[in-house]
Amino acid sequence: MESTFKEDGSITMDGMTVETMESRLRGMEYNIKSNMALSSVPILREAYQAYPEHPQVNYLLALSYFKSHDYKKAMAFAQKAVEAEPDRDNYLVLLAQLFLNLKMAKEAEHYAARAYEANEGNWEAAKILADMAFGRNQLDKALTLTEGILAERPKTYASHRLKTKILLQKEAPLDAILDSITVSEKHGYDDDIEYDRVYAYYIHGDFEECRKIFEYLKQTRPLSHSTAKVASLIDSMQPKKNRRSNADDFFGFEAAQPYNHKAKRSLDDALEELNNLIGLDDVKREINRIVKLVEYEKRRSYMLSIEKSQQPSYHFAFSGNPGTGKTTVARIIGDIFTALGILERGQLVEVDRSGLVGGYMGQTAQKTREVIESAKGGVLFIDEAYALAPAKNDQSDYGSEALEVLIKSMEDYRNDFIVILAGYDEGMKELLKSNPGLSSRINMQVNFDDFSDFELLDIAKQQAEANHYTLTEAGEKAFVVKVNQEKVLPQFANARAVRNIMEAAMRERAFRLSDQVLKEEDLVILEPLDFGIDPAQLFGDDIKDLMGQLEELIGLENVKEQVKSITNYVRAEKRREEKGYTMTDLALHMVFTGKPGTGKTTIARLISKILKSIGVLKRGHMIEVTRDDLVGQFVGQTGPKTLDKIKEAYGGVLFIDEAYSLYSGSQNDFGYEAISTLIKEMEDNRDKLVVIMAGYPDEMERMLSMNAGIRSRVSYTIDFHDYSSEELVEIFTMGAQKQGFVLLEETVAKLGEVFEAAYANRDRHFGNARAARSLFEQTKLQQSNRLALDEEADLFTILPEDIKEL
Numbered sequence: 001m002e003s004t005f006k007e008d009g010s011i012t013m014d015g016m017t018v019e020t021m022e023s024r025l026r027g028m029e030y031n032i033k034s035n036m037a038l039s040s041v042p043i044l045r046e047a048y049q050a051y052p053e054h055p056q057v058n059y060l061l062a063l064s065y066f067k068s069h070d071y072k073k074a075m076a077f078a079q080k081a082v083e084a085e086p087d088r089d090n091y092l093v094l095l096a097q098l099f100l101n102l103k104m105a106k107e108a109e110h111y112a113a114r115a116y117e118a119n120e121g122n123w124e125a126a127k128i129l130a131d132m133a134f135g136r137n138q139l140d141k142a143l144t145l146t147e148g149i150l151a152e153r154p155k156t157y158a159s160h161r162l163k164t165k166i167l168l169q170k171e172a173p174l175d176a177i178l179d180s181i182t183v184s185e186k187h188g189y190d191d192d193i194e195y196d197r198v199y200a201y202y203i204h205g206d207f208e209e210c211r212k213i214f215e216y217l218k219q220t221r222p223l224s225h226s227t228a229k230v231a232s233l234i235d236s237m238q239p240k241k242n243r244r245s246n247a248d249d250f251f252g253f254e255a256a257q258p259y260n261h262k263a264k265r266s267l268d269d270a271l272e273e274l275n276n277l278i279g280l281d282d283v284k285r286e287i288n289r290i291v292k293l294v295e296y297e298k299r300r301s302y303m304l305s306i307e308k309s310q311q312p313s314y315h316f317a318f319s320g321n322p323g324t325g326k327t328t329v330a331r332i333i334g335d336i337f338t339a340l341g342i343l344e345r346g347q348l349v350e351v352d353r354s355g356l357v358g359g360y361m362g363q364t365a366q367k368t369r370e371v372i373e374s375a376k377g378g379v380l381f382i383d384e385a386y387a388l389a390p391a392k393n394d395q396s397d398y399g400s401e402a403l404e405v406l407i408k409s410m411e412d413y414r415n416d417f418i419v420i421l422a423g424y425d426e427g428m429k430e431l432l433k434s435n436p437g438l439s440s441r442i443n444m445q446v447n448f449d450d451f452s453d454f455e456l457l458d459i460a461k462q463q464a465e466a467n468h469y470t471l472t473e474a475g476e477k478a479f480v481v482k483v484n485q486e487k488v489l490p491q492f493a494n495a496r497a498v499r500n501i502m503e504a505a506m507r508e509r510a511f512r513l514s515d516q517v518l519k520e521e522d523l524v525i526l527e528p529l530d531f532g533i534d535p536a537q538l539f540g541d542d543i544k545d546l547m548g549q550l551e552e553l554i555g556l557e558n559v560k561e562q563v564k565s566i567t568n569y570v571r572a573e574k575r576r577e578e579k580g581y582t583m584t585d586l587a588l589h590m591v592f593t594g595k596p597g598t599g600k601t602t603i604a605r606l607i608s609k610i611l612k613s614i615g616v617l618k619r620g621h622m623i624e625v626t627r628d629d630l631v632g633q634f635v636g637q638t639g640p641k642t643l644d645k646i647k648e649a650y651g652g653v654l655f656i657d658e659a660y661s662l663y664s665g666s667q668n669d670f671g672y673e674a675i676s677t678l679i680k681e682m683e684d685n686r687d688k689l690v691v692i693m694a695g696y697p698d699e700m701e702r703m704l705s706m707n708a709g710i711r712s713r714v715s716y717t718i719d720f721h722d723y724s725s726e727e728l729v730e731i732f733t734m735g736a737q738k739q740g741f742v743l744l745e746e747t748v749a750k751l752g753e754v755f756e757a758a759y760a761n762r763d764r765h766f767g768n769a770r771a772a773r774s775l776f777e778q779t780k781l782q783q784s785n786r787l788a789l790d791e792e793a794d795l796f797t798i799l800p801e802d803i804k805e806l
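Counting along the sequence shown from 1, when you hit position 350 you're at 350 in UniProt numbering, and nothing is skipped either side.
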């Protein structure tokens with residue numbers, strides 16, 4: 001389909017009339033809202049390239065990405081649409097929904113209110129505002145908004161249900177509540193309807209009707225959440241001495257406290273805590289699926305009168321980096337499975353290798369059995385479980401003994417406890433792969449992804465609030481910068497890293513302000529300096545200063561041009577990403593060729609800072625190494641040694657001087673192992689570091705020719721030419737002036753002669769800037785000898801006779 005987007009905001013497609021075109025756009029919006037978002041994106045992308053400022057195109061793209069759960073891209077396009085047409089209600093409500101998904105309630109309410117003000121018939125905006133009003137117990141406002149929605153859209157089931165909840169909270173007349181429930185049932189059904197019906201009678205004191213409905217529910221819906229909640233409500237109506245009622249016996253576990261009480265965990269309470277955790281969407285989805293499966297199996301057994309002598313086992317493997325919530329979820333699982341009647345108590349027993357493995361034969365089995373015994377009725381959580389796997393050919397490792405006892409108990413006591421094995425993804429895969437007996441007993445594997453920046457910021461805000469702090473707007477951005485610096489380090493600890501960052505920030509603020517006169521507001525905020533971030537450099541504002549430093553360098557004109565071109569390319573890619581395009585994977589590894597003293601190290605260090613400023617590198621430091629830092633002296637030492645240096649450079653630049661010395665062409669040379677490790681990291685972790693290899697031109701070209709793996713991963717080769725004699729004079733003069741020395745005109749002329757001769761006779765070992773610096777040191781020594789003979793002479797004037805030949 002060919003589309004034409006006009007400057008006045010109208011759009012035509014394939015020469016259609018305006019009316020037909022508008023209809024097609026409405027159809028496209030309908031398709032997107034009907035879960036056909038992906039098919040609309042290519043057409044809209046084409047339109048966006050032609051007219052990137054068109055509000056409707058931006059809105060439809062935002063809607064497509066919103067439906068695909070790509071909220072970052074959706075936000076960028078939605079904000080552009082609203083900027084173009086600030087009073088368009090459907091644009092505003094989409095932005096409100098995005099902020100709501102990002103748990104930014106204040107912003108969501110602001111845009112929903114604007115959308116509702118622009119069009120009171122916008123039911124989506126009204127629904128957001130009604131839900132928020134109900135959450136704040138603003139019942140009259142919530143009811144007015146909800147009734148307005150139902151007047152426009154009488155079949156909206158969610159709004160009927162919200163109306164019932166409001167009426168219950170207001171303790172409205174019984175008939176009004178029951179009528180609302182009856183109308184709701186015409187348009188949908190959910191498990192809580194029955195509980196609401198009982199609760200309506202409960203708040204009006206008709207306990208007999210409550211019991212009648214409960215008896216009915218026990219026969220028709222014995223395993224539903226709603227029936228369990230009704231059981232709790234019935235229990236609350238009994239005298240305290242009779243709290244162990246028939247409801248308790250029916251469900252097989254102690255009844256929960258009355259509705260809205262938190263004294264004892266119910267299934268709903270446990271699931272609510274799980275679902276309210278920040279992030280972990282895949283984990284929540286998997287646990288909720290398991291709960292539904294358990295409930296289905298129990299209901300099926302009941303309805304078909306199936307008697308099972310043994311229930312299914314529910315053992316888990318949790319994989320993920322530290323601080324992703326594995327222990328927290330394990331504790332909640334104990335509560336969930338207790339509420340489901342699978343576990344007796346639901347306690348969490350947490351151990352690692354040291355808690356199971358003993359120091360001599362027989363001790364391990366005893367320790368492991370004792371731990372299993374303490375976990376019966378609950379959950380046994382084994383952290384870093386892969387540490388139990390014995391090393392190859394290590395007969396003295398008793399970890400295998402612990403695994404044998406554990407595997408047998410997981411089968412023999414499958415009705416009595418749940419085992420959760422946890423650890424890093426690769427380690428867990430290796431453990432289960434190497435032990436078929438263990439993997440056959442693990443029937444649920446759950447992966448815990450790293451938290452996103454938004455989620456880590458939410459965790460930081462929660463921790464700040466718990467300590468009576470708030471982050472300023474700049475403080476939030478500084479935190480994100482800081483946590484991204486941590487992310488590139490090996491084994492990033494997610495929520496634990498957030499805790500460490502926040503605690504360090506609070507300590508830093510206390511140290512920084514302890515001797516100052518403070519206002520009350522100073523005591524409750526966290527700012528960029530508290531996170532060790534210079535506010536002036538927070539948003540890449542130092543890029544002009546860094547490019548200025550590049551320009552100030554003497555000579556290197558071709559190098560400067562290439563560095564500026566690389567910088568411009570990366571900045572353009574970042575701008576495209578900000579507009580919603582997927583940025584190409586940036587591979588910025590480089591080769592610097594040139595003789596010693598031509599500025600290779602200086603430029604590498606400056607590149608690391610430039611790439612940090614524009615958001616490519618997170619830390620912007622440089623690790624400088626040679627062959628000796630990477631290559632070991634015996635088999636097996638080089639790989640780990642190289643990897644350690646590479647990880648040290650994560651977030652910055654790894655600068656390898658005389659890199660060609662790693663490669664002799666012989667596979668017996670340990671340098672070959674260093675190169676193999678380096679090539680893999682250059683590919684696998686190109687988003688974490690930039691590798692710059694430097695050395696003489698011929699040797700570097702020979703190395704690249706002999707190893708296609710390195711050449712294919714190098715994006716840029718920059719040649720560093722020898723400095724001219726004039727540039728060497730300038731380098732010498734600048735170095736002298738920085739130390740307060742003065743050069744006479746005759747001295748400068750003498751320098752020119754010396755450097756011209758050195759340049760004309762230079763060989764491959766010519767030192768360039770190093771030669772200039774070396775000559776300056778020799779000159780100061782010669783001047784000192786002259787001053788020793790003439791104490792009246794000026795201490796900072798360099799004469800021609802102080803200059804010697806190179």
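By construction, the Cβ of each residue, glycine as well, lies at the ideal position given by its N, Cα and C atoms.
Fully contained in the UniProt domain "AAA+ ATPase" (586-724) are the following beta strand (DSSP E) runs of length 3 or more, in chain order: 590-594, 622-625, 653-657, 690-695, 716-720. Annotated three-state conformation of residue 193 is helix, per DSSP. Per the Cβ contact rule, the segment 347-356 is in contact with the segment 373-383 (3 or more Cβ pairs under 8 Å). The way I'd put it, the segment 117-129 does touch the segment 87-106; three or more beta-carbon pairs between them come closer than 8 Å. Among the bridge pairs identified by DSSP, residue 346 is matched with none.
Contact check for residue 460 against residue 506 fails: the beta carbons are separated by 9 Å or more. In chain order, 591, 656, 659 place their CB closer than 6 Å to the CB of residue 693, counting only its own chain and leaving out the 5 sequence neighbours on each side. If you check the CB distance, residue 209 and residue 444 do not come in under 9 Å. Here residue 317 is bridged, per DSSP, to 421, 445. Look at the beta carbons and you see the segment 596-607 touching the segment 547-562: at least three pairs across the two are nearer than 8 Å. The alpha carbon of residue 199 has as its nearest neighbour, out of 797, 431, 166, 550, the alpha carbon of 166.
The three-state secondary structure of residue 741, taken from DSSP, is coil. A Cβ-Cβ distance of about 15 Å is found for the pair residue 758 and residue 749, leaving them out of contact under the 8 Å criterion. With a cutoff of 9 Å on beta-carbon distance, residue 110 and residue 156 are scored as not near each other.
A distance below 7 Å between beta-carbons, with the five flanking residues on each side excluded, links residue 470 to the following residues of its chain, in chain order: 464, 524, 525. Rounded to whole angstroms, the gap between the alpha carbons of residue 744 and residue 801 is 11 Å. Annotation: residue 803 is outside any beta strand (DSSP E) and is labelled neither H nor E by DSSP.
Residue 345 sits exposed, since fewer than 16 C-beta atoms from the chains shown fall within 10 Å of its C-beta. A contact between stretches requires three or more CB pairs, one per stretch, nearer than 8 Å, and the segment 716-735 fails this requirement with the segment 678-685.
Annotation: the continuous alpha helix (DSSP H) that includes residue 149 extends over 139-152. Following the DSSP letters along the chain, one finds residue 380 in no alpha helix (DSSP H) but inside the beta strand (DSSP E) bounded by residues 379-382. The alpha helix (DSSP H) runs lying completely inside the segment 519-557 and spanning 4 residues or more are 543-552, given in chain order.
768 is the residue among 97, 791, 768 whose C-alpha sits nearest the C-alpha of residue 728. Annotated three-state conformation of residue 351 is strand, per DSSP. Residue 270 is a Cβ neighbour of residue 339, given a cutoff of 9 Å. By alpha-carbon distance to residue 487, the top candidate from 650, 613, 377 is 650. Judged by DSSP secondary structure, residue 82 falls within the alpha helix (DSSP H) whose first and last residues are 71-84. The count of Cβ pairs closer than 8 Å, one atom from the segment 350-364 and one from the segment 440-455, stays below three, leaving the stretches out of contact. In the DSSP assignment, residue 455 falls within the alpha helix (DSSP H) that extends over 453-466. When DSSP states are grouped into helix, strand and coil, residue 799 belongs to the coil group. A distance below 9 Å separates the beta carbons of residue 388 and residue 431. Look at residue 471 here: in three-state DSSP terms it is strand.
Secondary structure note for residue 182: its alpha helix (DSSP H) is the uninterrupted segment 174-187. The closest CA to that of residue 415, considering only 342, 426, 424, 433, is found on 342. Within the same chain, and ignoring the five residues on either side of residue 669 in sequence, no residue has its Cβ closer than 6 Å to its Cβ.
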